[in-house]
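Peer 1:
2 protein chains.
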Amino acid sequence: MAELISPRVLKGFRDFLPENEVLRRTLIARLECVFRDYGFAPIDTPALELSEILLGKGGGETEKQVYRFNDNGGRDIALRFDLTVPFARFAAMHRDAVPLPFKRYHIGKVWRGENTQKGRYREFTQCDFDTIGSSSAAADAEILLIMQAALTAAGAGNSTILINHRGVFNHFLEQKGVCGKLTDVLRAVDKIAKIGRDETGAILAELTNDKAAQSILSFIEITGGWDDALAAMTEMCGGPNAGLQRLDEISCFLRDSGVKNVFSLAPSITRGLDYYTGVVFETILNEIPSIGSVCSGGRYDNLTALYAKEPLSGVGASIGLDRLIAAEESLGRLPQQSPYAKCAIICVNEKHFGFYTKLASEFRAAGISCEAFNDQKKLTVQFMIAEKKGMRYVIIPSEEKSSEKKLTIRDITARKDTAELSFAEAVSLINGGGDKR
Amino acid sequence: MAELISPRVLKGFRDFLPENEVLRRTLIARLECVFRDYGFAPIDTPALELSEILLGKGGGETEKQVYRFNDNGGRDIALRFDLTVPFARFAAMHRDAVPLPFKRYHIGKVWRGENTQKGRYREFTQCDFDTIGSSSAAADAEILLIMQAALTAAGAGNSTILINHRGVFNHFLEQKGVCGKLTDVLRAVDKIAKIGRDETGAILAELTNDKAAQSILSFIEITGGWDDALAAMTEMCGGPNAGLQRLDEISCFLRDSGVKNVFSLAPSITRGLDYYTGVVFETILNEIPSIGSVCSGGRYDNLTALYAKEPLSGVGASIGLDRLIAAEESLGRLPQQSPYAKCAIICVNEKHFGFYTKLASEFRAAGISCEAFNDQKKLTVQFMIAEKKGMRYVIIPSEEKSSEKKLTIRDITARKDTAELSFAEAVSLINGGGDKR
Chain A
1 MAELISPRVL KGFRDFLPEN EVLRRTLIAR LECVFRDYGF APIDTPALEL
51 SEILLGKGGG ETEKQVYRFN DNGGRDIALR FDLTVPFARF AAMHRDAVPL
101 PFKRYHIGKV WRGENTQKGR YREFTQCDFD TIGSSSAAAD AEILLIMQAA
151 LTAAGAGNST ILINHRGVFN HFLEQKGVCG KLTDVLRAVD KIAKIGRDET
201 GAILAELTND KAAQSILSFI EITGGWDDAL AAMTEMCGGP NAGLQRLDEI
251 SCFLRDSGVK NVFSLAPSIT RGLDYYTGVV FETILNEIPS IGSVCSGGRY
301 DNLTALYAKE PLSGVGASIG LDRLIAAEES LGRLPQQSPY AKCAIICVNE
351 KHFGFYTKLA SEFRAAGISC EAFNDQKKLT VQFMIAEKKG MRYVIIPSEE
401 KSSEKKLTIR DITARKDTAE LSFAEAVSLI NGGGDKR
Chain B
438 MAELISPRVL KGFRDFLPEN EVLRRTLIAR LECVFRDYGF APIDTPALEL
488 SEILLGKGGG ETEKQVYRFN DNGGRDIALR FDLTVPFARF AAMHRDAVPL
538 PFKRYHIGKV WRGENTQKGR YREFTQCDFD TIGSSSAAAD AEILLIMQAA
588 LTAAGAGNST ILINHRGVFN HFLEQKGVCG KLTDVLRAVD KIAKIGRDET
638 GAILAELTND KAAQSILSFI EITGGWDDAL AAMTEMCGGP NAGLQRLDEI
688 SCFLRDSGVK NVFSLAPSIT RGLDYYTGVV FETILNEIPS IGSVCSGGRY
738 DNLTALYAKE PLSGVGASIG LDRLIAAEES LGRLPQQSPY AKCAIICVNE
788 KHFGFYTKLA SEFRAAGISC EAFNDQKKLT VQFMIAEKKG MRYVIIPSEE
838 KSSEKKLTIR DITARKDTAE LSFAEAVSLI NGGGDKR
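Chains as they are written, first to last, in our numbering: chain A, 1 to 437; chain B, 438 to 874.
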């Protein structure tokens, strides 16, 4: 006998067993329902692309993490590591084939060979939604409203959506004379939650000077209601500017939309080294803030700069499905849905399977998902399998096929049989009308 | 300005634009509905696995086609090229975590770097469904019934499902003294549709002798109704055997199930070099037989042989989604569904977007998907965008927010406005009750 190969998956990769896979599909379906309701259309792109396409910007960190190799034809190719870069390539390629402004969502797996830690995987699912071809504040506000609607539909509980504007922060930094080191300052500010105020202050002081560092800290620590925070930001910026005006417009739209107490100005949100140029967003789940942002995004000037001459601006956000699931699991709020059928036909005599499968199809036609057990095992064994599959009821057909009252329904939970049921009575019992009999 | 990167996808790979992606999702949802109704549960596995796991059997043809490379940690890994091998690994790993018999489906992309030709892609979607842990004829029959139900649900029209038994053919060949060259004979027989009877006969004669070749051709050319064909096969096999008995049992089950005139015995079906050991299946779409089998499968003795000591037999089939879509496209029978919202709120004055989005959410709550246009463009331009998105109606809100009869509905197709509608009247018109007004 040949030596066995140990069955295993790669580190950072996962199998999804039925319970988990059904859960993922349920959440994805809820998100899709929101996206579609708002007029966002689905697209998909290949898992593999030319490395030149995916790594055009040559992001240092990204490049180290990407699964990149030569195919049999010698092409330098890679697995997509996000859904944004493929969308940029897609938008440049199909600009004339889609209606502009184009609102799309894309739910798919991406791959990054990063160090695995709790809740981080090398294969994970992103749910992106973007509007491109509109530079309006309305498009910004709409993405924020969808973030709120999608997280609510997914059952994530109450959330706070934090909003800032990259341009406002840049304007503020320029005023403080911090021009050459924008990237380093952004990186330091982005880390404040992780490394703390003092450490961030020290890094900022080293990058600029003590006074500027204090001023930056004061700016990013502005809190309070939207209007107060906006007033404080305006003052620290030395008067109005385009970014502040945009924040004001968005605020009006959100207020008029009727969605309340969800959106908050947060000058510390910068989205680090991301490519955003306008508003930026993050989400806190109020009941479990420690899990971090489950949905983030922002506005970018020109999505397709690498691939096309005509600029195409847009705004969008991305939900990390795995983090969302982790959050809902912690909150005990995952949707409960069995991956198996609602009931099963017991295989009393395997010669009659044809009849059993006909009976099962009648239950299906009555709207009840129904498995037909394939093997004539002891009744207790078949009951146990039904129990493992989370079924409340199984149907025990009579050997007497011609009888009108031929079905026995076994309540697996109560360990109780109800005999001599007609088909209609059986349907009624399984649908929860059993007590009335 | 940096040089632009030409936006393109790899040969054999595809983008899915909204119309196509919605179509794929619609078909997948219909298939899933059938699988779930029969009690089959979804699973998923990683796109990447260790090459040792995927290529354990070292299939020569497969190995040449697989996307295989070393990751940054030096691991020899590959993209899955089908869903069967990952399922074998999955079943060996999670045997104790799933209820046996285990009925699962798996819909996912797979990758093969094969030569591209019409209808062949390097990234394509398979829809597999299998029952493992049951060796019963009932499990065989159930897979056949699901094949029929799934293709019907997907809108593929009338189909014929061809059935044979590998064991019967092997038994027949052994009787003819063809033992050592089974693989070559199977390969030759499998090609008969492609290379024709004479060429196949010549190859068979070379492999065996003229008389055996004639006899093999006679066997695989048995036609007629199930009972006649079975009788002819029995005679040519020199009497009953286990495989013939299995075919007889399956026939009884299919007859009793009430599904008629769909299943046919076809001794020429062998599934070439596949790993099947019992029954084998192929499907012909009656209206477009030339497209080939859109759903094939069979029974295998031991799925997990490479990874586990305890054998695990099963039966299953796989639908090639891309071929199914190609077939339905040829037949003009693809589901028609717009990827966009049913209607849109026109942006009359961009300052009122907050109100528009509130109005849109009221339509959504009334069950009508509704986009809120983000940009205040000319009405004619907005109408054109709506038309591009396949919308029949758009809603033109009055500037006078307080009025009761404040909505105008524009019928994009008829180029006709209906003014001064209440919200309820607007909903009724959009839902198709417009003529009654």
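Each residue gets a CB set at the ideal place from its N, CA and C atoms; glycine is no exception. Note that the coordinates shown come from a computational prediction; the quantities given were computed from them, not determined experimentally.
Taking Y275(A) as the query, report the chain B residues whose CB atoms sit under 7 Å from its CB, ordered along the chain.
Peer 2: Within chain B, no residue comes near Y275(A); the closest Cβ sits about 15 Å away, beyond 7 Å.
Peer 1: Let's see if you can read the secondary structure: which residues bound the beta strand (DSSP E) around F281(A)?
Peer 2: V279 to L285
Peer 1: R513(A) CB to nearest chain B CB: under 8 Å?
Peer 2: With chain A covering only 1 through 437, there is no way to say anything about residue 513(A).
Peer 1: Can you tell me which of the three DSSP states S136(A) falls into?
Peer 2: coil
Peer 1: Spell out the partners DSSP gives P42(A) in its beta bridges.
Peer 2: Paired residue(s): Y105(A).
Peer 1: How is G196(A) classed by DSSP in three states: helix, strand or coil?
Peer 2: coil
Peer 1: Taking all protein chains shown into account, do 16 or more other C-beta atoms lie within 10 angstroms of the C-beta of A809(B), making it buried, or fewer, making it exposed?
Peer 2: buried
Peer 1: Taking Cβ positions only, does A679(B) come closer than 8 Å to chain A?
Peer 2: A679(B) has a beta carbon lying at 8 Å or more from every beta carbon in chain A.
Peer 1: Output yes if chain B places a C-beta closer than 8 Å to the C-beta of N374(A); else output no.
Peer 2: Yes, N374(A) lies at the interface with chain B (some Cβ there is under 8 Å from its Cβ).
Peer 1: Hey, quick one: how far does the beta strand (DSSP E) through Y300(A) stretch, first residue to last?
Peer 2: C295 to Y300
Peer 1: Less than 8 Å between the beta carbons of G316(A) and T131(A), yes or no?
Peer 2: yes
Peer 1: Under 8 Å between C-beta atoms, does M530(B) make it to chain A?
Peer 2: yes
Peer 1: Examine the Cβ distances between the stretch 782-793 of chain B and the stretch 735-749 of chain B and report whether three or more of them are shorter than 8 Å.
Peer 2: No, the stretch 782-793 of chain B is not in contact with the stretch 735-749 of chain B.
Peer 1: Using a Cβ distance threshold of 8 Å, determine whether the stretch 568-578 of chain B contacts the stretch 530-548 of chain B, with at least three qualifying pairs required.
Peer 2: Flag = yes, the stretch 568-578 of chain B and the stretch 530-548 of chain B touch.
Peer 1: Taking only the alpha-carbon atoms, compute the straight-line gap between K389(A) and M670(B) and give it to the nearest angstrom.
Peer 2: 41 Å
Peer 1: Report the rounded CA-to-CA distance for G314(A) versus S296(A), giving the unit in angstroms.
Peer 2: 14 Å
Peer 1: What residues are listed by DSSP as bridge partners for Y121(A)?
Peer 2: Bridge partners of Y121(A): none, in fact.
Peer 1: By how many angstroms is the C-alpha of G298(A) removed from the C-alpha of E857(B)?
Peer 2: Whole-angstrom Cα-Cα distance: 38 Å.
Peer 1: Please confirm whether R829(B) and I849(B) have their CB atoms less than 8 Å apart.
Peer 2: yes
Peer 1: Whose C-alpha, out of G73(A), I143(A), G258(A) and A29(A), is nearest the C-alpha of N811(B)?
Peer 2: I143(A)
Peer 1: What residue ranges within the stretch 152-193 of chain A form continuous beta strand (DSSP E) runs of no fewer than 3 residues, ordered along the chain?
Peer 2: 159-165
Peer 1: The alpha helix (DSSP H) with G314(A) in it runs from where to where?
Peer 2: Note, G314(A): premise wrong, no alpha helix (DSSP H); beta strand (DSSP E) at G314 to G320.
Peer 1: Using the C-alpha atoms, what's the distance from H94(A) back to R14(A)?
Peer 2: 34 Å
Peer 1: In chain order, what residues of the same chain have a beta carbon less than 7 Å from the beta carbon of F253(A), not counting five sequence neighbours either side?
Peer 2: Contacts found: A137, A138 and A141.
Peer 1: Straight-line CA distance for D274(A) to T720(B)?
Peer 2: 50 Å
Peer 1: Just to confirm my understanding: we take L768(B), look at its own chain, exclude 5 residues before and 5 after, and list those with CB closer than 7 Å. What are they?
Peer 2: G594, E724 and I725
Peer 1: Is it buried or exposed, L447(B), if we count other Cβ atoms within 10 angstroms and call 16 or more buried?
Peer 2: buried
Peer 1: Using the Cα positions of G177(A) and A466(B), report the straight-line distance between them to the nearest angstrom.
Peer 2: 57 Å
Peer 1: Apart from the five residues just before and just after S264(A), which ones in its own chain have a Cβ nearer than 6 Å to its Cβ?
Peer 2: In its chain, beyond the 5 residues on either side, T160 and L162 have a beta carbon closer than 6 Å to the beta carbon of S264(A).
Peer 1: My output table needs one value for S655(B): the three-state DSSP class, helix, strand or coil.
Peer 2: helix
Peer 1: Counting only Cβ-Cβ distances shorter than 7 Å, please list the residues of the stretch 456-476 of chain B near chain A, keeping chain order.
Peer 2: E458, V459, R462, R473, D474, Y475 and G476
Peer 1: Would you grab the beta carbon distance between I325(A) and L27(A) for me? Rounded to a whole angstrom, and I think it's under 8 Å.
Peer 2: 7 Å
Peer 1: Throw me the rounded Cβ distance for the G715(B) and H602(B) pair, which I believe falls under 8 Å.
Peer 2: That pair is a contact at about 6 Å.
Peer 1: Could you tell me the distance, in whole angstroms, from the CA atom of A231(A) to the CA atom of G511(B)?
Peer 2: Distance between the alpha carbons of A231(A) and G511(B): 55 Å.
Peer 1: Mind checking if P834(B) is an interface residue toward chain A, Cβ cutoff 8 Å exclusive?
Peer 2: Not closer than 8 Å to any Cβ of chain A, the Cβ of P834(B) fails to qualify, so no.
Peer 1: Are I480(B) and F16(A) touching if we call contact CB-CB under 8 Å?
Peer 2: yes
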